[in-house]
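Asker: Per full-length UniProt numbering, residue 1 is the first one in the sequence shown, and the count goes up by one each step. C-beta: ideal position from N, C-alpha, C; glycine also. No experiment lies behind these values; they were computed from the predicted model shown. To start, I am sharing the structure in question, which I have written as structure tokens.
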Amino acid sequence: MILTISGNVKNTITIDPGVWIFDDRKVDLHTYFSQERKNHQDQELENLSRAWDNHRKEGANALTNGNQVRVSKKELLEKSYGVPFFPFLENATPGEEATKIIFKRSTGDDFECSIEEAKEAILGFSKEGKPLKEDGPIHFYYRDGSNKDNPVTNINNIVVV
């Protein structure tokens, strides 16, 4: 269930979607696409700004990344979750000439999109409380939810080109 972001990147990133269940950035896929929200880049910048402000208030003794685990076992066993792709792509640092992302699929028919589309994507990692073992480990959703009923499935690697 491990995959990588590789290719035209400064840093190859290894991802384990199984740990995303504890990530504060996770979103409920049943409600996410019906809500109005900022784009992921602006949201990530706002989150970093808030973390910096909190760090300055609390002082240098606060050695935390701000990702506090708050989990409802009932919700984890019932909901379907995804995470924004943007922070992972940014950490990989795509090359300046990179223009698209290829989502490698175990079915052989890879999915391609522009970097701009990928930055706004949501990566689904659980369905009704279960990891995506049959057609995962991740699913690709457009930010606008246009494919929420038919996500790109069977993604097992991500290549920046």
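Looking at chain C, is there any beta carbon in it that lies within less than 7 Å of the beta carbon of Thr107?
Answerer: Of the protein chains in the structure, only one exists, and it is not chain C.
Asker: Using beta-carbon positions only, say whether Val161 and Ser6 come within less than 7 Å of one another.
Answerer: Taking 7 Å as the Cβ cut-off, Val161 and Ser6 do not qualify as a contacting pair.
Asker: Can you list, in chain order, the residues of its chain with a C-beta nearer than 6 Å to that of Leu3? Leave out the 5 residues immediately preceding and following it.
Answerer: Ile15, Asn156 and Asn157, listed in sequence order.
Asker: Touching or not, the segment 78-86 and the segment 112-130, by the rule of three or more beta carbon pairs under 8 Å?
Answerer: At 8 Å Cβ cutoff, the stretches touch.
Asker: Do you know offhand how far Ile101's Cα is from Asp149's?
Answerer: Near 22 Å, if we compare the C-alpha coordinates of Asp149 and Ile101.
Asker: If you reduce the DSSP assignment to three classes, tell me which class Ile138 lands in.
Answerer: Strand, per DSSP.
Asker: State the DSSP-derived secondary structure class of Lys104, mapped to helix, strand or coil.
Answerer: Reduced to three states, the DSSP call for Lys104 is strand.
Asker: Alpha carbon to alpha carbon, how far is Glu78 from Glu120? Give it in angstroms, no decimals.
Answerer: Cα-Cα distance, rounded: 25 Å.
Asker: For Phe22, tell me which candidate among Glu97, Ile13 and Lys73 has the shortest Cα-Cα distance.
Answerer: Selected option, being the one with the closest Cα: Lys73.
Asker: Under the DSSP definition of a beta bridge, which residues are partnered with Ser6?
Answerer: BP columns for Ser6 point to Val159.
Asker: Which same chain residues end up closer than 7 Å to His30 when comparing Cβ atoms and leaving out the 5 residues on each side of it in sequence?
Answerer: Cβ neighbours of His30 beyond the five flanking positions: Lys79 and Ser80.
Asker: Quick one: complete beta strand (DSSP E) runs, 3+ long, within the segment 71-96?
Answerer: Those beta strand (DSSP E) runs which fall completely within the segment 71-96 and span 3+ residues are 81-84.
Asker: Would you tell me roughly how many angstroms separate the C-alpha atoms of Cys113 and Phe140, rounded to the nearest one?
Answerer: Roughly 11 Å separates the two Cα atoms.
Asker: Need the endpoints of the alpha helix (DSSP H) that Ile115 sits in, please.
Answerer: Segment Ile115 to Lys119, the alpha helix (DSSP H) holding Ile115.
Asker: In or out: Asn91 buried (at least 16 other Cβ within 10 Å) or exposed?
Answerer: Result: exposed.
Asker: If you reduce the DSSP assignment to three classes, tell me which class Thr151 lands in.
Answerer: Checking the displayed sequence, the identity of residue 151 turns out to be Pro instead of Thr. Note: Pro151 maps to coil in three-state DSSP.
Asker: DSSP has Ser126 in a bridge; who is on the other side?
Answerer: In the DSSP output, where bridge partners are listed per residue, Ser126 has Tyr81 and Pro131.
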